[in-house]
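Line order of the protein sequences matches chains A and B. Residue numbers 1 to 237, in the working numbering, belong to the letters of the first sequence in order. Residue numbers 238 to 474, in the working numbering, belong to the letters of the second sequence in order. For every residue, glycine included, the Cβ atom is placed at its ideal position computed from N, Cα and C. All values reported here derive from a predicted model rather than from experimental measurement. Contents: one structure, followed by commentary.
Protein chains: 2
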Amino acid sequence: MTVPALNNWQSVQDEVVRRIHGGVWNQGDLIPNEADLAREFGCARATVNRALQSLADSGLLDRRRKAGTRVAMLPVRKATLEIPLIRKEICDKGHTYGYAQVTRRRVPSPARLASKMNLPRGTKLLHLLCVHSADAKPYVIEERWINPDAVPAVEGVDFSQISPNEWLLKHVPFSAGDIAFFAMSADQPVADLLECEVGEGLFVIDRSTRRDTQAITSVRLIFAPGYRMHTVLSLPT
Amino acid sequence: MTVPALNNWQSVQDEVVRRIHGGVWNQGDLIPNEADLAREFGCARATVNRALQSLADSGLLDRRRKAGTRVAMLPVRKATLEIPLIRKEICDKGHTYGYAQVTRRRVPSPARLASKMNLPRGTKLLHLLCVHSADAKPYVIEERWINPDAVPAVEGVDFSQISPNEWLLKHVPFSAGDIAFFAMSADQPVADLLECEVGEGLFVIDRSTRRDTQAITSVRLIFAPGYRMHTVLSLPT
DNA sequence: GAGTGGTCTAGACCACTGT
DNA sequence: CAGTGGTCTAGACCACTCC
């Protein structure tokens, strides 16, 4: 009656999911350890490990050394968002990309940013206001602050030709950071730039990035009405 | 001169990232194959594989059989969002959780949902309108549609005691789906429920889940003003 | 066809942590 | 202290895909 030997980690994963779905293992239950499962499934422990680790990443299992592996009590859903280059996002949708720099200034770092970006007092930042458009209609406002101490080369860049979004991705790639999503109501200046009504609800992304502990840049993206960011909730079966 | 042997996958990953940062390998470049790197680093190929696979998951590398491994041209940023139980989210913030069901009806599936949830024509859905609150202030509106064909047990549940959000998570866990984030302006009924101004910009999440191909539930979460969803952009150093 | 990443195995040692 | 997951190794075979 033994199962016909699960010889790859995907089939092991499927079997584990099946047992959870089927109620063989319930939320909070301790499941057998890797060695036992490997013996039962007729495969190597590394294969079981790979399968369970993948499920733990998905949030279905909680694993701790010595304590063993449990079915997660509250299976936290995880969604992976891909945050593309704005130009690419617009082109991929089949629209014509447009871009314009609105203002460029050097400013003392605003208090709100100084703390968020962990900047020394009195740091001067480069502040840019730009608009990306799709088929000549405003698509998103990019309000950008850049720490010139972290990116000296930025002083010589002409951001009327290339957006900070794109330049930074090419020249300062691979940094860590944090990101927040929320909504705001359009005020007059924003409404003017996005050609929408004052008060309209807009989708906003705030993002700060740094390398090691040095703040590189902070950006606020304010999207035109109608924008939707979507992705897939991928859980095994 | 040789590096002191990278004997774990994290250090291999760090070294690869260092070489990309340092310009040893540039965007679009083909990097050496796993066997060569393993020899150079003085570790097993599996260790290199683990490191590179992790970097590919992060979007820094593009890997294809036979074609080899390249530094990604447009390093797509990936953010992982955890979508918690609403009650848990509120409690974790240290607030008192409150919940109320506003309405409960059986309705023909609206056209918009019928297509999104891929329902047969004429399917009747259970429609619920609920409000979750934090410290007695409205926190989020949960507008929920449930397909009773997929979850027959739902007919007997008293959703004035437990939110659909929580009941479904406990009883219909582990399903796939898709999710979208956007902003809307509060209309009168929404403003009444959230105790905010009409027209105010609100953060909204639409989510549909299914098991296999059968639609289970669709939900719209409309958050009170001020809500921010945030996460970390985790890229290796 | 040949070269690359993807995976499996069997065994080993280590790191963490509950008891 | 002892049991569990986390990882490494050396070798092997397979699957994909570019040429």
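In the three-state scheme derived from DSSP, where H, G and I count as helix and E and B as strand, A/G122 is classed as coil. Residue range 68-71 is occupied by the beta strand (DSSP E) that includes A/V71. CA-to-CA, the gap between A/R63 and A/R45 works out to about 15 Å. Note on A/M73: under 16 other CB atoms within 10 angstroms of its CB, so exposed under the neighbour-count rule. Proximity of chain B to A/L169 at the Cβ level (cut-off 8 Å) is accounted for by L311, P312, in chain order. For A/K93, no Cβ of chain B is located within less than 7 Å of the residue's own Cβ.
Taking the Cα of A/D192 as reference, the smallest distance to any Cα among A/C130, A/D14, A/N118 is reached at A/C130.
For B/T468, the nearest CB of chain A lies under 7 Å from its own CB, placing it at the interface with that chain.
A/E89 and A/T217 have their C-alpha atoms roughly 21 Å apart. Contact check for A/D206 against A/A183 fails: the beta carbons are separated by 7 Å or more. Of the candidates B/K361, B/D251, B/T333, B/D251 places its Cα closest to the Cα of B/L297. Interface with chain A (7 Å Cβ-Cβ cutoff): B/L431 is excluded.
Annotation: A/Q101 to A/I146 spans about 15 Å, alpha carbon to alpha carbon. Between A/F41 and B/R276, the alpha-carbon positions lie close to 34 Å from each other. Around the beta carbon of B/P375, 16 or more other beta carbons lie within 10 angstroms, which makes this residue buried. Scanning its chain for C-beta atoms nearer than 7 Å, with the 5 sequence neighbours on each side dropped, one finds around A/L233 the residues R77, A79, in chain order. Sorting B/T450, B/I323, B/T333, B/T468 by C-alpha distance to the C-alpha of B/L406 places B/I323 at the top.
At least one CB of chain A lies nearer than 7 Å to the CB of B/G414. DSSP places B/A293 within a helical segment (H, G or I) once states are collapsed to three. Contact between A/Q27 and A/V71 is confirmed by a C-beta separation of about 5 Å, below the 8 Å threshold. Identification of chain B residues near A/L6 by a Cβ-Cβ cut-off of 8 Å yields none; the smallest Cβ-Cβ distance measures about 19 Å. Collapsing the DSSP output to three states places A/T217 in a strand.
By the CB criterion at 7 Å, B/L458 and B/E379 fall inside the cutoff. For B/A452, the nearest beta carbon of chain A is not closer than 7 Å to its own beta carbon.
Rounded to the nearest angstrom, the Cβ distance from A/R144 to A/L128 is 4 Å, consistent with a contact under 8 Å.
B/A371 places its beta carbon less than 7 Å from that of B/H332.
Taking 7 Å as the CB threshold, B/K353 stays off the interface with chain A. Nearest neighbour of A/L126 by Cα position, chosen from A/A136, A/P110, A/W25, A/A35, turns out to be A/P110. Between B/F396 and the set B/Y336, B/S295, B/A452, the nearest pair of CA atoms involves B/Y336. By the criterion of a C-beta distance shorter than 8 Å, B/R358 is surrounded in its chain by A351, once the five residues flanking it on both sides are discounted.
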